[in-house]
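First residue of the sequence shown? That's 632 in our numbering, and the numbers climb one at a time after it. Every residue gets a Cβ at the ideal spot worked out from N, C-alpha and C, and that includes glycine. Remarks on the structure that follows.
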Amino acid sequence: MTSEEIASLNLGIELNTQTEIIINSGIEWLNENTTIDTADSENFPSIAKLFLIKFNELQSVSVGVSSESIEGLSQSFDNTDKTQLLWQIADELLQPYLKSRIRFVCAKRKWN
């Protein structure tokens, strides 16, 4: 999507070059993993807009460190990765639209 099309979604996100790349990545994720039609920005579903907002927030999360204290020199670590968090958000918001995560690959020929 162009920056004008992203702005027309009214996501409430300050747009810059990095944000536009993240939003376009989120749209590519939606195209690959859901049945939502993302081609028409005027009829973009609200649930997909909410997903893009969460997708943008997730990209700013620092994975590995869950909390940090500077003066007390304390750090807490988390082993959750972004992929797991992304699928959790998708399961919560996009359940009716999600494609199956199972992929079938046909063999070109049988074993010898």
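message: Which of the three DSSP states is assigned to Gln-672 in this structure?
response: Looking at the sequence itself, residue 672 is Ser, so the reference to Gln does not match. It is helical.
field: Same chain, Cβ closer than 8 Å to Glu-657, neighbours up to 5 away in sequence not counted
entry: In the sequence as presented, Glu is not what sits at residue 657; that position holds Gly. Counting only Cβ-Cβ distances below 8 Å, and skipping sequence neighbours, we find Phe-682, Leu-683, Phe-686, Asn-687.
query: What residue range is occupied by the uninterrupted alpha helix (DSSP H) comprising Ser-731?
result: Looking at the DSSP string, Ser-731 is not in any alpha helix (DSSP H), and its letter there is neither H nor E.
query: Any idea if Leu-646 is buried or exposed, counting beta-carbon neighbours within 10 angstroms, 16 or more meaning buried?
result: exposed
message: With a threshold of 6 Å on Cβ separation, who are the neighbours of Ser-639 within its own chain once the five nearest residues in sequence on each side are excluded?
response: Ser-672
- prompt: Can you name the start and end residues of the alpha helix (DSSP H) that Lys-680 belongs to?
  reply: 677–690
query: Which value, in whole angstroms, describes the spacing of the CA atoms of Asn-641 and Leu-716?
result: 24 Å
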